[in-house]
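Counting from 1, position 1 in the sequence shown corresponds to residue -2 in our numbering; the numbering is continuous, with no gaps.
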Amino acid sequence: GAKTAFVAAAAAHQEGEKIRAEAARTLVAAAPGATANDADYVFITFILQQLPHGVIGLLVAAFFAAALSSKAAELNALASSTTIDFYRHLVRRDATDANCVAASKVFTAFWGLVAIGFALYAHLVENLIQAVNILGSIFYGVMLGLFVVAFFVRRVGGTAVFWAALAAQTLVFVLYFNLTISYLWYPLIGCAACVVFSVILQTVLGGDTGSNKTCAT
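Below, the structure written as structure tokens:
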């Protein structure tokens, strides 16, 4: 059953960690001066050592442009969602458009500080790609669950979905800090929990399932 699958996944994950540790020890024994860290330097090393300087400059500019554009979109989406789903519904229901704009600016700054905090944490991990995937797996499942509910379970209202998402995210956090399963399980758990909690809360709470009000940000 599900418990057996979790146990098997945890065992496979631990076995993989043992294999990586053994490979690192073998590398150090063969080349004492080499580093065994699983760092993300391959692509950067290729760029610096193999490409012409002009192309390097273009790639660096492209990296910054892509990072800035994606970060701007992320901050805008987070600020808009927080303003509409949190500020407008729980803090100030009679907020005007001007109030929403001011609140969205504050939330943009807040989420920017959160992003900076995660960026400062990134240098503490050996494998940045895996760290990004692990961090994303904690949140992707609940986000997917929100879309699944919106498209396929339309009788569920906004209030039920909101609290269901918080409950599902809390569940994912609890499981992450208490289980040793692979991080690939958390998107599935988060999505399923969000959908199930949404249906249960809508059944318990009832109420209006109409569309929510919006405000400009």
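Note that the Cβ used here is the ideal one computed from N, Cα and C, for glycine as well.
Beta-carbon gap between residue i and residue j smaller than 8 Å
i, j, result
"T167", "A7", "no"
"L132", "C191", "no"
"S134", "L75", "no"
"L141", "P184", "yes"
"A162", "V139", "yes"
"I41", "L56", "no"
"Y84", "A100", "yes"
"T156", "L117", "no"
"D82", "F149", "no"
"H50", "S179", "no"
Buried or exposed (CB count within 10 angstroms, at least 16 for buried), residue i
i, result
"V169", "buried"
"S195", "buried"
"S66", "exposed"
"V171", "exposed"
"G154", "buried"
"A5", "exposed"
Cβ of residue i within 8 Å of any chain B Cβ
i, result
"A74", "Here chain B cannot be found, since the structure has a single protein chain."
Contacts around residue i, its chain only, beta-carbon distance under 7 Å, and the 5 residues preceding and following it disregarded
i, result
"A145", "The question names Ala, but residue 145 is Val in the sequence shown. Contacts found: C188, V192."
Top-ranked residue by Cα proximity to residue i, from the options
i, options, result
"F107", "V4, N73, A147", "N73"
"N124", "A5, Q11, A2, R17", "R17"
"Y137", "I186, Q11, V52", "I186"
Residues near residue i in its chain [Cβ-Cβ closer than 8 Å; skip 5 each side]
i, result
"F104", "L75, A76, T79, T80, Y84"
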